[in-house]
Amino acid sequence: MRFDAVIVGSGKAVRMGLDKLTLSVGSDLILSRAAEPFAAHKDIDKIILVLRKDLFGIGKGIAEKFPDKKFVIVEGGDTRTRSVEKGLAEANSEGVLIHDAARPFVSGEVIDGVIESVKKYGSGIPAIPVADSVRTVKGGRVVGFPDRSEMYAAQTPQGFVTEQIKRAYALRGAEDFSDDSAVYARFISSPAVTKGDERNAKITTLGDYFGLNSKIGIGYDIHRLVEGRPLVLGGVRIDYSKGSLAHSDGDGVVHALIDALLSAVGERDIGNLYPDTDPRYKDIDSLELLAGVMRMYKERNHKVSNVSIIIIADKPKLAGYIPLMKQKLSEALGISASLIGISAKTTENTQTEEAVQCCAAALVT
Numbered sequence: 630m631r632f633d634a635v636i637v638g639s640g641k642a643v644r645m646g647l648d649k650l651t652l653s654v655g656s657d658l659i660l661s662r663a664a665e666p667f668a669a670h671k672d673i674d675k676i677i678l679v680l681r682k683d684l685f686g687i688g689k690g691i692a693e694k695f696p697d698k699k700f701v702i703v704e705g706g707d708t709r710t711r712s713v714e715k716g717l718a719e720a721n722s723e724g725v726l727i728h729d730a731a732r733p734f735v736s737g738e739v740i741d742g743v744i745e746s747v748k749k750y751g752s753g754i755p756a757i758p759v760a761d762s763v764r765t766v767k768g769g770r771v772v773g774f775p776d777r778s779e780m781y782a783a784q785t786p787q788g789f790v791t792e793q794i795k796r797a798y799a800l801r802g803a804e805d806f807s808d809d810s811a812v813y814a815r816f817i818s819s820p821a822v823t824k825g826d827e828r829n830a831k832i833t834t835l836g837d838y839f840g841l842n843s844k845i846g847i848g849y850d851i852h853r854l855v856e857g858r859p860l861v862l863g864g865v866r867i868d869y870s871k872g873s874l875a876h877s878d879g880d881g882v883v884h885a886l887i888d889a890l891l892s893a894v895g896e897r898d899i900g901n902l903y904p905d906t907d908p909r910y911k912d913i914d915s916l917e918l919l920a921g922v923m924r925m926y927k928e929r930n931h932k933v934s935n936v937s938i939i940i941i942a943d944k945p946k947l948a949g950y951i952p953l954m955k956q957k958l959s960e961a962l963g964i965s966a967s968l969i970g971i972s973a974k975t976t977e978n979t980q981t982e983e984a985v986q987c988c989a990a991a992l993v994t
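In this note's numbering, the protein residues as written are 630 to 994.
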């Protein structure tokens, strides 16, 4: 079963007072961050961007990043419901996902869950349990006490069999709905619920934007220097008579960076992910290990905002190698070299010259 994805971003940002879709999250715009996980997904054939005309340029920029994926950009309507209708008119795969462009943190896991639910049940609505106590209020008075265990907050993407959700929208007449599951429930059937994600929040107010879920991770690595081993730091071969004693290539810069990236998203360290007892990692280029972490980041829709690295060694002198290290890490992380800080320090000969220590900090979203 193949899918199209309708990304709805044509609102006027009345509640926020400015265009949230063009605000930055790390090195990306919110609109880009919301659309790209769908463009990268193997089960999605076409991305339908429903935008205001002034956002068409951004939409075309997103499409250029994915030359193998079909993109269609259409102008939105005067309400969300009408905008979705215009997007659905371009959908022709068997299934369709409808996503709010103001949700930039949707993960591959959430998308997978919705797709599997559509395949099995014909619909899929990601939702999370409501944490706060919920009350029904009329005229400034509490009049009802709903059971919180039955209360869920619906998210997007919401997935459906394309023919069914098109039929539901055709039957709605002039009535507006808050989301697609409400249209489906009214005219087709009760939709199935899938596991949502607290990170998959919608940015509606400035408070939402400034409260974006940035995370900081810190990593550290140290390697003894011995004869007969190459010295590799930041993906760069250093001209020196000694190198790092390690199971892999011993790149302490990359190892510390990997630990920082794993720590930022609540994962365990490099030794757990790439154990030194595994022969697959014998003398491996540590940039390959970093590539594995970045694949995990992509699946979860995490992005690196910037990193800071300190290398501590009395010998050799490293300042001349730093520009090339930044270039290598820029390519590996998918961010500008200007967002990577690397400095080299000595211990003022207070410690041995027989080791290299590396510290890294990473800010991610």
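For each residue, glycine too, the CB sits at the ideal point set by N, CA and C. No experiment lies behind these values; they were computed from the predicted model shown.
Examine chain D for any beta-carbon lying closer than 8 angstroms to the beta-carbon of residue i, and answer yes or no.
i, result
"Ser656", "Of the chains in the structure shown, none is chain D; there is only one protein chain."
Quick one: grab the DSSP three-state call for residue i.
i, result
"Glu856", "strand"
"Phe685", "helix"
"Gly846", "strand"
"His670", "coil"
"Leu874", "coil"
"Gly742", "helix"
"Ile727", "strand"
"Leu652", "coil"
"Asp898", "coil"
"Asp1035", "Here the chain covers residues 630 to 994 and nothing more, so residue 1035 does not appear."
"Gly995", "Because the chain here runs from 630 to 994, residue 995 falls outside it and cannot be looked at."
"Gly737", "helix"
"Glu613", "Shown here, the chain extends from 630 to 994; a query on residue 613 therefore has no answer."
"Lys748", "helix"
"Val763", "coil"
"Thr710", "helix"
"Tyr910", "helix"
"Ala830", "coil"
"Asp880", "coil"
"Arg662", "helix"
Using the C-alpha atoms, what's the distance from residue j back to residue i?
i, j, result
"Phe667", "Ile687", "16 angstroms"
"Ile940", "Met925", "26 angstroms"
"Gly895", "Ile851", "22 angstroms"
"Ser746", "Val936", "38 angstroms"
"Asp605", "Asn901", "Coverage of the chain is limited to positions 630 through 994, which leaves residue 605 absent and any answer about it impossible."
"Glu804", "Ile964", "45 angstroms"
"Ser807", "Asp729", "12 angstroms"
"Ser625", "Ala760", "As shown, the chain starts at 630 and ends at 994. That puts residue 625 outside it, with no answer to give."
"Phe695", "Ala669", "8 angstroms"
"Asp674", "Ser752", "18 angstroms"
"Pro758", "Ala821", "15 angstroms"
"Arg631", "Thr823", "19 angstroms"
"Asp697", "Lys671", "11 angstroms"
"Val679", "Leu860", "51 angstroms"
"Val865", "Leu918", "15 angstroms"
"Lys699", "Val933", "27 angstroms"
"Gln998", "Ala756", "Given a span of 630 to 994 for the chain in the structure shown, any question on residue 998 remains unanswerable."
"Thr975", "Ala830", "44 angstroms"
"Arg929", "Gly716", "26 angstroms"
"Ile832", "Ser653", "12 angstroms"
Under the DSSP definition of a beta bridge, which residues are partnered with residue i?
i, result
"Lys698", "BP columns for Lys698 are empty, so no partner."
"Lys675", "Asp633 and Lys699"
"Ile757", "Ala782"
"Arg866", "Val861"
"Lys824", "Ala756"
"Ile851", "Gln986"
"Glu704", "Leu680"
"Asp657", "Val654"
"Ala638", "Per the sequence shown, the amino acid found at residue 638 is Gly instead of Ala. Answer by DSSP bridge pairing, in chain order: Leu680."
Measuring alpha carbon to alpha carbon, tell me which of the options ends up nearest residue i.
i, options, result
"Gly836", "Val790, Lys649 and Leu860", "Lys649"
"Ala783", "Val743, Ile913 and Gln986", "Val743"
"Val771", "Ala989, Val763 and Ser778", "Val763"
"Ala989", "Asn829, Ala718, Ile938 and Val679", "Ile938"
"Pro908", "Val766, Arg858 and Ala875", "Ala875"
"Val703", "Asp697, Phe695, Cys987 and Lys689", "Lys689"
"Ser639", "Thr710, Ala797, Arg662 and Ala973", "Thr710"
"Pro945", "His884, Ser661 and Gly872", "Gly872"
"Lys795", "Val635, Leu658 and Ala885", "Val635"
"Ile847", "Leu860, Ser892, His884 and Thr785", "Ser892"
"Asp868", "Asp683, Gly949, Ser967 and Lys715", "Gly949"
"Asp683", "Arg662, Ser934 and Gly705", "Gly705"
"Thr906", "Glu665, Phe700, Glu792 and Ser877", "Ser877"
"Ala799", "Ser843, Gly768, Tyr813 and Pro786", "Tyr813"
"Ser1014", "Gln986, Val739, Gly864 and Ile754", "With the chain running from 630 to 994 in the structure shown, residue 1014 is simply not present."
"Gly655", "Glu983, Leu962, Lys974 and Thr979", "Leu962"
"Thr676", "Leu726, Gln986 and Gly857", "For the record, residue 676 in the displayed sequence is Ile; it is not Thr. The option with the nearest alpha carbon to Ile676 is Leu726."
"Ile969", "Glu977, Met923 and Ser959", "Ser959"
"Asp826", "Ala942, Gly724 and Val739", "Val739"
"Gly802", "Glu714, Ile691, Pro904 and Leu916", "Glu714"
Closer than 7 angstroms to a non-hydrogen atom of the ligand ATP - does that hold for the CB of residue i?
i, result
"Ile727", "Because no ligand of any kind appears in the structure shown, any question about the ligand ATP cannot be addressed here."
Practice task
Could I get the ranges of all uninterrupted alpha helix (DSSP H) runs contained in the segment 765–822, with 4 residues as the minimum, in chain order?
Solution key: Complete alpha helix (DSSP H) runs here, min 4: 791–800 and 809–816.
Practice task
Go through the segment 921–993 residue by residue and report every complete run of the alpha helix (DSSP H) that reaches 4 residues or more, in order.
Solution key: Whole alpha helix (DSSP H) segments, 4+ residues: 951–962.
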